[in-house]
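First up is the structure itself, then whatever we jot down about it.
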Amino acid sequence: MQSLRNFFWFCSGAYAPLLKRCPSESQKYIGIGGTVFFTGLMAAISSGYALYTVFDYYFQAVFFGLLWGLMIFNLDRFIVSSMRKKNQAWKEWKLAFPRLVFAGILAVVISKPIELRIFEKEINRKLDDERTIMLQTSKKSLEAVFGEVSALGNQKDLLRSEIQDAVIFRDKLQSEYDFERFGTRTDGTSGIIGLGMNARKKEEQLDAAQIALDKLREGHQSRIDRLDEEIRMLEQEKSKALTKLEPNIEAYDGLAARLDALSVLTTDSPAIKMAGIFIVLLFVAVETAPIFVKLISPRGSYDELLDLTEHKVVVYAKEETTKQDSKSIWRLSKFRQALD
1 MQSLRNFFWF
11 CSGAYAPLLK
21 RCPSESQKYI
31 GIGGTVFFTG
41 LMAAISSGYA
51 LYTVFDYYFQ
61 AVFFGLLWGL
71 MIFNLDRFIV
81 SSMRKKNQAW
91 KEWKLAFPRL
101 VFAGILAVVI
111 SKPIELRIFE
121 KEINRKLDDE
131 RTIMLQTSKK
141 SLEAVFGEVS
151 ALGNQKDLLR
161 SEIQDAVIFR
171 DKLQSEYDFE
181 RFGTRTDGTS
191 GIIGLGMNAR
201 KKEEQLDAAQ
211 IALDKLREGH
221 QSRIDRLDEE
231 IRMLEQEKSK
241 ALTKLEPNIE
251 AYDGLAARLD
261 ALSVLTTDSP
271 AIKMAGIFIV
281 LLFVAVETAP
291 IFVKLISPRG
301 SYDELLDLTE
311 HKVVVYAKEE
321 TTKQDSKSIW
331 RLSKFRQALD
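Numbering (full-length UniProt numbering), first residue to last: 1 to 340.
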(Lines of atoms letter the chains of each structure in order from A and count residues from 1; the text may use other names and numbers.)
(Lines give C-alpha, C1' and ligand atoms only; values in the text may rest on other atoms or scores of the structure.)
Protein backbone atom coordinates (compact mmCIF):
# COMPACT_ATOMS: atom_id res chain seq x y z
CA MET A 1 0.00 0.00 0.00
CA GLN A 2 2.87 2.35 0.83
CA SER A 3 4.51 1.64 -2.53
CA LEU A 4 1.24 2.58 -4.31
CA ARG A 5 1.03 5.74 -2.20
CA ASN A 6 4.62 6.64 -3.04
CA PHE A 7 3.93 5.99 -6.75
CA PHE A 8 0.98 8.38 -6.76
CA TRP A 9 3.08 10.93 -4.90
CA PHE A 10 5.65 10.60 -7.65
CA CYS A 11 2.92 11.03 -10.29
CA SER A 12 1.78 14.25 -8.59
CA GLY A 13 5.30 15.70 -8.82
CA ALA A 14 5.53 16.11 -5.03
CA TYR A 15 8.80 15.71 -3.08
CA ALA A 16 8.19 12.56 -1.01
CA PRO A 17 10.55 13.29 1.96
CA LEU A 18 8.73 16.57 2.63
CA LEU A 19 5.28 15.11 1.99
CA LYS A 20 5.88 12.36 4.57
CA ARG A 21 6.16 15.11 7.18
CA CYS A 22 2.68 16.41 6.20
CA PRO A 23 0.09 13.63 6.79
CA SER A 24 -2.82 15.98 6.15
CA GLU A 25 -1.59 16.64 2.61
CA SER A 26 -1.09 12.97 1.69
CA GLN A 27 -4.57 12.24 0.34
CA LYS A 28 -4.68 15.39 -1.75
CA TYR A 29 -1.49 14.50 -3.59
CA ILE A 30 -2.54 10.85 -3.93
CA GLY A 31 -5.68 12.11 -5.73
CA ILE A 32 -3.66 14.46 -7.93
CA GLY A 33 -1.15 11.73 -8.76
CA GLY A 34 -3.91 9.23 -9.54
CA THR A 35 -5.57 11.68 -11.93
CA VAL A 36 -2.27 12.33 -13.70
CA PHE A 37 -1.53 8.60 -13.96
CA PHE A 38 -4.94 7.61 -15.32
CA THR A 39 -4.89 10.51 -17.78
CA GLY A 40 -1.61 9.18 -19.16
CA LEU A 41 -3.11 5.67 -19.26
CA MET A 42 -6.16 6.86 -21.22
CA ALA A 43 -3.83 8.77 -23.55
CA ALA A 44 -1.88 5.56 -24.21
CA ILE A 45 -5.08 3.59 -24.91
CA SER A 46 -6.59 6.23 -27.20
CA SER A 47 -3.38 6.81 -29.15
CA GLY A 48 -2.82 3.04 -29.41
CA TYR A 49 -6.26 2.64 -31.01
CA ALA A 50 -5.66 5.59 -33.33
CA LEU A 51 -2.26 4.24 -34.39
CA TYR A 52 -3.71 0.75 -34.92
CA THR A 53 -6.06 2.23 -37.54
CA VAL A 54 -2.96 3.71 -39.23
CA PHE A 55 -0.41 0.85 -39.03
CA ASP A 56 -2.87 -2.07 -38.69
CA TYR A 57 -0.25 -3.85 -36.54
CA TYR A 58 -0.51 -4.46 -32.80
CA PHE A 59 3.21 -4.11 -32.04
CA GLN A 60 3.60 -0.64 -33.55
CA ALA A 61 0.29 0.50 -32.03
CA VAL A 62 1.25 -0.72 -28.53
CA PHE A 63 4.78 0.66 -28.71
CA PHE A 64 3.89 4.14 -29.97
CA GLY A 65 0.77 4.20 -27.77
CA LEU A 66 2.86 3.62 -24.65
CA LEU A 67 5.37 6.22 -25.85
CA TRP A 68 2.59 8.79 -26.35
CA GLY A 69 1.04 7.91 -22.98
CA LEU A 70 4.38 8.41 -21.20
CA MET A 71 4.83 11.76 -22.93
CA ILE A 72 1.36 12.94 -21.85
CA PHE A 73 2.00 11.63 -18.34
CA ASN A 74 5.28 13.53 -18.15
CA LEU A 75 3.66 16.73 -19.45
CA ASP A 76 0.79 16.51 -16.95
CA ARG A 77 3.20 15.80 -14.11
CA PHE A 78 5.30 18.79 -15.09
CA ILE A 79 2.25 21.06 -15.35
CA VAL A 80 1.01 20.07 -11.89
CA SER A 81 4.40 20.13 -10.18
CA SER A 82 5.27 23.55 -11.59
CA MET A 83 2.28 25.20 -9.88
CA ARG A 84 2.91 26.69 -6.42
CA LYS A 85 0.52 28.07 -3.82
CA LYS A 86 1.50 31.63 -2.82
CA ASN A 87 -1.80 32.92 -1.36
CA GLN A 88 -2.07 35.28 -4.34
CA ALA A 89 -5.20 34.10 -6.11
CA TRP A 90 -5.11 36.47 -9.10
CA LYS A 91 -1.45 35.78 -9.79
CA GLU A 92 -2.01 32.02 -9.45
CA TRP A 93 -4.94 32.06 -11.90
CA LYS A 94 -2.92 34.19 -14.29
CA LEU A 95 -0.04 31.71 -14.23
CA ALA A 96 -2.44 28.75 -14.45
CA PHE A 97 -4.30 30.00 -17.54
CA PRO A 98 -1.69 28.84 -20.11
CA ARG A 99 -1.52 25.48 -18.30
CA LEU A 100 -5.32 25.15 -18.45
CA VAL A 101 -5.34 25.93 -22.17
CA PHE A 102 -2.61 23.37 -22.81
CA ALA A 103 -4.43 20.78 -20.68
CA GLY A 104 -7.63 21.43 -22.66
CA ILE A 105 -5.78 20.86 -25.95
CA LEU A 106 -4.37 17.60 -24.62
CA ALA A 107 -7.86 16.54 -23.51
CA VAL A 108 -9.29 17.09 -27.01
CA VAL A 109 -6.41 15.14 -28.59
CA ILE A 110 -6.86 12.26 -26.13
CA SER A 111 -10.67 12.13 -26.39
CA LYS A 112 -10.94 11.97 -30.18
CA PRO A 113 -9.64 8.37 -30.62
CA ILE A 114 -11.83 7.26 -27.71
CA GLU A 115 -14.78 8.89 -29.46
CA LEU A 116 -13.91 6.96 -32.63
CA ARG A 117 -13.89 3.72 -30.64
CA ILE A 118 -17.22 4.43 -28.92
CA PHE A 119 -18.99 5.14 -32.24
CA GLU A 120 -17.12 2.42 -34.14
CA LYS A 121 -20.28 0.54 -35.28
CA GLU A 122 -21.91 3.69 -36.63
CA ILE A 123 -18.66 4.71 -38.33
CA ASN A 124 -18.28 1.26 -39.92
CA ARG A 125 -21.79 1.49 -41.39
CA LYS A 126 -21.01 4.94 -42.74
CA LEU A 127 -17.75 3.71 -44.26
CA ASP A 128 -19.60 0.80 -45.90
CA ASP A 129 -21.99 3.29 -47.49
CA GLU A 130 -19.06 5.41 -48.65
CA ARG A 131 -17.31 2.39 -50.15
CA THR A 132 -20.49 1.39 -51.99
CA ILE A 133 -20.80 4.89 -53.45
CA MET A 134 -17.12 4.88 -54.42
CA LEU A 135 -17.52 1.49 -56.13
CA GLN A 136 -20.56 2.68 -58.10
CA THR A 137 -18.73 5.86 -59.09
CA SER A 138 -15.72 3.84 -60.21
CA LYS A 139 -17.93 1.56 -62.31
CA LYS A 140 -19.56 4.58 -63.97
CA SER A 141 -16.13 6.06 -64.67
CA LEU A 142 -14.99 2.80 -66.23
CA GLU A 143 -18.16 2.65 -68.30
CA ALA A 144 -17.33 6.11 -69.63
CA VAL A 145 -13.72 5.06 -70.35
CA PHE A 146 -14.81 1.81 -72.00
CA GLY A 147 -17.77 3.34 -73.84
CA GLU A 148 -16.68 1.47 -76.97
CA VAL A 149 -18.23 -1.69 -75.48
CA SER A 150 -21.68 -0.16 -75.72
CA ALA A 151 -21.07 1.00 -79.31
CA LEU A 152 -19.89 -2.48 -80.32
CA GLY A 153 -22.95 -3.97 -78.66
CA ASN A 154 -25.19 -1.65 -80.68
CA GLN A 155 -23.46 -2.74 -83.90
CA LYS A 156 -24.00 -6.37 -82.98
CA ASP A 157 -27.68 -5.75 -82.25
CA LEU A 158 -28.04 -3.99 -85.61
CA LEU A 159 -26.54 -6.96 -87.47
CA ARG A 160 -28.83 -9.37 -85.64
CA SER A 161 -31.79 -7.14 -86.45
CA GLU A 162 -30.93 -7.27 -90.15
CA ILE A 163 -30.74 -11.06 -90.01
CA GLN A 164 -34.08 -11.18 -88.21
CA ASP A 165 -35.67 -8.94 -90.84
CA ALA A 166 -34.38 -11.26 -93.58
CA VAL A 167 -35.77 -14.28 -91.71
CA ILE A 168 -39.18 -12.61 -91.41
CA PHE A 169 -39.17 -11.82 -95.15
CA ARG A 170 -38.21 -15.42 -95.99
CA ASP A 171 -40.95 -16.77 -93.71
CA LYS A 172 -43.48 -14.48 -95.39
CA LEU A 173 -42.51 -15.82 -98.84
CA GLN A 174 -42.67 -19.38 -97.46
CA SER A 175 -46.24 -18.78 -96.26
CA GLU A 176 -47.30 -17.33 -99.63
CA TYR A 177 -45.72 -20.26 -101.44
CA ASP A 178 -47.55 -22.74 -99.21
CA PHE A 179 -50.86 -20.89 -99.69
CA GLU A 180 -50.34 -20.92 -103.47
CA ARG A 181 -49.65 -24.69 -103.57
CA PHE A 182 -52.61 -25.62 -101.40
CA GLY A 183 -55.03 -23.20 -103.06
CA THR A 184 -55.54 -20.85 -100.14
CA ARG A 185 -56.81 -17.59 -101.54
CA THR A 186 -55.28 -14.38 -100.19
CA ASP A 187 -54.45 -10.94 -101.52
CA GLY A 188 -51.14 -12.29 -102.85
CA THR A 189 -52.25 -15.74 -104.08
CA SER A 190 -54.49 -17.01 -106.90
CA GLY A 191 -56.33 -19.67 -104.88
CA ILE A 192 -55.58 -22.41 -107.52
CA ILE A 193 -54.34 -25.73 -106.09
CA GLY A 194 -51.10 -27.15 -107.49
CA LEU A 195 -47.72 -26.03 -108.77
CA GLY A 196 -48.86 -23.59 -111.39
CA MET A 197 -47.12 -20.53 -112.77
CA ASN A 198 -47.83 -18.43 -109.70
CA ALA A 199 -46.57 -21.19 -107.41
CA ARG A 200 -43.34 -21.46 -109.38
CA LYS A 201 -42.82 -17.71 -109.21
CA LYS A 202 -43.37 -17.86 -105.45
CA GLU A 203 -40.89 -20.74 -105.25
CA GLU A 204 -38.28 -18.77 -107.18
CA GLN A 205 -38.79 -15.78 -104.89
CA LEU A 206 -38.52 -18.06 -101.85
CA ASP A 207 -35.31 -19.64 -103.12
CA ALA A 208 -33.81 -16.23 -103.83
CA ALA A 209 -34.80 -15.00 -100.37
CA GLN A 210 -33.28 -18.11 -98.74
CA ILE A 211 -30.01 -17.66 -100.68
CA ALA A 212 -29.90 -13.98 -99.66
CA LEU A 213 -30.63 -14.94 -96.04
CA ASP A 214 -27.87 -17.54 -96.02
CA LYS A 215 -25.34 -15.09 -97.46
CA LEU A 216 -26.46 -12.37 -95.08
CA ARG A 217 -26.34 -14.69 -92.09
CA GLU A 218 -22.88 -16.00 -93.05
CA GLY A 219 -21.43 -12.51 -93.53
CA HIS A 220 -23.08 -10.99 -90.48
CA GLN A 221 -22.21 -13.94 -88.23
CA SER A 222 -18.48 -13.52 -88.96
CA ARG A 223 -18.80 -9.82 -88.11
CA ILE A 224 -20.78 -10.67 -84.95
CA ASP A 225 -18.04 -13.12 -83.92
CA ARG A 226 -15.38 -10.42 -84.38
CA LEU A 227 -17.48 -7.97 -82.38
CA ASP A 228 -17.95 -10.56 -79.62
CA GLU A 229 -14.18 -11.04 -79.44
CA GLU A 230 -13.56 -7.30 -79.22
CA ILE A 231 -16.25 -6.94 -76.55
CA ARG A 232 -14.77 -9.85 -74.58
CA MET A 233 -11.29 -8.28 -74.64
CA LEU A 234 -12.63 -4.88 -73.56
CA GLU A 235 -14.68 -6.50 -70.79
CA GLN A 236 -11.53 -8.25 -69.54
CA GLU A 237 -9.62 -4.96 -69.51
CA LYS A 238 -12.50 -3.27 -67.68
CA SER A 239 -12.63 -6.12 -65.18
CA LYS A 240 -8.87 -5.84 -64.56
CA ALA A 241 -9.15 -2.09 -64.04
CA LEU A 242 -12.01 -2.59 -61.57
CA THR A 243 -10.02 -5.31 -59.79
CA LYS A 244 -7.15 -2.84 -59.32
CA LEU A 245 -9.52 -0.21 -57.91
CA GLU A 246 -11.33 -2.52 -55.48
CA PRO A 247 -8.41 -2.96 -53.01
CA ASN A 248 -8.05 0.83 -52.73
CA ILE A 249 -11.79 1.15 -52.12
CA GLU A 250 -11.74 -1.65 -49.52
CA ALA A 251 -8.74 0.01 -47.84
CA TYR A 252 -10.80 3.16 -47.25
CA ASP A 253 -10.69 2.59 -43.50
CA GLY A 254 -7.89 4.80 -42.21
CA LEU A 255 -7.85 7.39 -39.46
CA ALA A 256 -8.70 10.29 -41.77
CA ALA A 257 -11.62 8.33 -43.27
CA ARG A 258 -12.98 7.55 -39.82
CA LEU A 259 -12.64 11.15 -38.69
CA ASP A 260 -14.46 12.28 -41.82
CA ALA A 261 -17.21 9.69 -41.21
CA LEU A 262 -17.53 10.84 -37.59
CA SER A 263 -17.81 14.44 -38.77
CA VAL A 264 -20.66 13.49 -41.12
CA LEU A 265 -22.38 11.51 -38.37
CA THR A 266 -22.18 14.39 -35.90
CA THR A 267 -23.66 16.68 -38.55
CA ASP A 268 -26.51 14.29 -39.35
CA SER A 269 -27.26 13.10 -35.81
CA PRO A 270 -27.76 15.60 -32.96
CA ALA A 271 -27.53 12.73 -30.44
CA ILE A 272 -24.06 11.68 -31.63
CA LYS A 273 -22.98 15.31 -31.72
CA MET A 274 -24.14 15.85 -28.13
CA ALA A 275 -22.48 12.62 -26.98
CA GLY A 276 -19.22 13.69 -28.62
CA ILE A 277 -19.32 17.05 -26.85
CA PHE A 278 -19.89 15.32 -23.48
CA ILE A 279 -16.97 12.94 -24.10
CA VAL A 280 -14.65 15.88 -24.86
CA LEU A 281 -15.90 17.78 -21.80
CA LEU A 282 -15.30 14.71 -19.65
CA PHE A 283 -11.68 14.47 -20.72
CA VAL A 284 -11.23 18.21 -20.34
CA ALA A 285 -12.52 17.91 -16.77
CA VAL A 286 -10.20 14.98 -16.03
CA GLU A 287 -7.19 16.66 -17.62
CA THR A 288 -7.69 20.00 -15.85
CA ALA A 289 -8.77 18.50 -12.50
CA PRO A 290 -5.25 18.43 -10.94
CA ILE A 291 -4.71 22.08 -11.89
CA PHE A 292 -8.05 23.15 -10.40
CA VAL A 293 -7.31 21.16 -7.26
CA LYS A 294 -4.06 23.07 -6.89
CA LEU A 295 -5.83 26.38 -7.53
CA ILE A 296 -8.83 26.00 -5.23
CA SER A 297 -7.13 24.16 -2.37
CA PRO A 298 -5.73 26.33 0.43
CA ARG A 299 -2.05 26.66 1.07
CA GLY A 300 -1.00 23.68 3.18
CA SER A 301 1.87 22.52 5.32
CA TYR A 302 3.61 20.89 2.37
CA ASP A 303 3.70 24.24 0.55
CA GLU A 304 5.20 25.86 3.67
CA LEU A 305 7.89 23.19 4.00
CA LEU A 306 8.64 23.35 0.26
CA ASP A 307 9.09 27.13 0.41
CA LEU A 308 11.26 26.78 3.51
CA THR A 309 13.44 24.14 1.85
CA GLU A 310 13.87 26.24 -1.29
CA HIS A 311 14.59 29.31 0.85
CA LYS A 312 17.30 27.36 2.69
CA VAL A 313 18.85 26.50 -0.65
CA VAL A 314 18.75 30.15 -1.72
CA VAL A 315 20.29 31.29 1.59
CA TYR A 316 22.96 28.62 1.39
CA ALA A 317 23.81 29.64 -2.18
CA LYS A 318 24.11 33.29 -1.11
CA GLU A 319 26.35 32.36 1.82
CA GLU A 320 28.60 30.24 -0.36
CA THR A 321 28.75 33.01 -2.94
CA THR A 322 29.71 35.55 -0.27
CA LYS A 323 32.39 33.20 1.11
CA GLN A 324 33.88 32.61 -2.31
CA ASP A 325 33.86 36.35 -3.08
CA SER A 326 35.59 37.09 0.29
CA LYS A 327 38.22 34.41 -0.33
CA SER A 328 38.85 35.80 -3.80
CA ILE A 329 39.28 39.35 -2.42
CA TRP A 330 41.66 38.09 0.29
CA ARG A 331 43.78 36.17 -2.23
CA LEU A 332 43.98 39.20 -4.52
CA SER A 333 45.07 41.43 -1.65
CA LYS A 334 47.83 38.96 -0.71
CA PHE A 335 48.92 38.81 -4.31
CA ARG A 336 49.19 42.60 -4.52
CA GLN A 337 51.19 42.73 -1.26
CA ALA A 338 53.59 40.16 -2.65
CA LEU A 339 54.02 42.20 -5.82
CA ASP A 340 54.71 45.38 -3.77
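Each residue gets a CB set at the ideal place from its N, CA and C atoms; glycine is no exception.
Rounded to the nearest angstrom, how far is the Cβ of residue i from that of residue j, given a contact under 8 Å?
i: Tyr302; j: Cys22; result: 4 Å
i: Ile79; j: Ile296; result: That belief does not hold up - the Cβ atoms of Ile79 and Ile296 are roughly 16 Å apart, past 8 Å.
i: Phe37; j: Phe63; result: Not confirmed; about 20 Å, so no contact.
i: Lys85; j: Arg299; result: 4 Å
i: Leu4; j: Ile123; result: No, Leu4 and Ile123 are not in contact; Cβ-Cβ is about 38 Å, not under 8 Å.
i: Arg160; j: Ile224; result: 7 Å
Please report the distance separating the alpha-carbon of residue i from that of residue j.
i: Asp207; j: Asp228; result: 31 Å
i: Gly254; j: Tyr57; result: 13 Å
i: Glu304; j: Lys20; result: 14 Å
i: Asp307; j: Ser326; result: 28 Å
i: Ile272; j: Ala61; result: 27 Å
i: Ile329; j: Lys318; result: 16 Å
i: Gly40; j: Gly34; result: 10 Å
i: Trp90; j: Leu339; result: 60 Å
i: Asp128; j: Gly219; result: 49 Å
i: Leu262; j: Leu67; result: 26 Å
i: Phe169; j: Arg226; result: 26 Å
i: Lys201; j: Ser138; result: 60 Å
i: Leu106; j: Ile72; result: 8 Å
i: Leu75; j: Phe283; result: 16 Å
i: Val280; j: Ser47; result: 15 Å
i: residue 354; j: Lys323; result: Residue 354 cannot be examined here, being either before or after the span of the chain that is shown, 1 to 340.
i: Leu332; j: Glu320; result: 18 Å
i: Phe102; j: Glu92; result: 16 Å
i: Leu18; j: Ile32; result: 16 Å
i: Lys240; j: Ser269; result: 39 Å
i: Arg77; j: Phe59; result: 27 Å
i: Glu25; j: Leu100; result: 23 Å
i: Ile277; j: Val108; result: 10 Å
Please name the residue in the options whose C-alpha comes closest to that of residue i.
i: Leu234; options: Lys28, Leu152, Leu75, Tyr49; result: Leu152
i: Gly65; options: Met71, Met83, Ala44; result: Ala44
i: Leu95; options: Ile110, Lys294, Phe73; result: Lys294
i: Asp260; options: Gln337, Gln174, Leu4, Glu120; result: Glu120
i: Tyr49; options: Arg258, Ala166, Ile168, Arg217; result: Arg258
i: Pro98; options: Val108, Met83, Val109, Ile72; result: Met83
i: Ile30; options: Ala16, Met42, Leu265, Leu41; result: Ala16
i: Ala209; options: Ile224, Arg223, Phe59, Gln174; result: Gln174
i: Ala166; options: Gln236, Gln205, Thr137; result: Gln205
i: Arg217; options: Ser269, Glu162, Leu265, Glu25; result: Glu162
i: Leu51; options: Ala14, Ile110, Lys323; result: Ile110
i: Leu213; options: Lys240, Leu18, Asp171, Leu281; result: Asp171
i: Arg125; options: Gln221, Glu310, Tyr252; result: Tyr252
i: Ser81; options: Ile224, Ala103, Gly13; result: Gly13
i: Leu70; options: Ile211, Met42, Thr321; result: Met42
Does the stretch 113-124 come into contact with the stretch 285-304, if we say contact requires no fewer than three beta-carbon pairs (one atom in each stretch) closer than 8 Å?
Counting Cβ pairs under 8 Å, fewer than three are found: no touch.
Taking contact to mean at least 3 C-beta pairs separated by less than 8 Å, is the stretch 313-332 in contact with the stretch 118-134?
The stretch 313-332 vs the stretch 118-134: no contact.
If contact is defined by three or more beta carbon pairs under 8 Å, each pair taking one atom from either stretch, is the stretch 150-170 in contact with the stretch 213-233?
The stretch 213-233 is in contact with the stretch 150-170.
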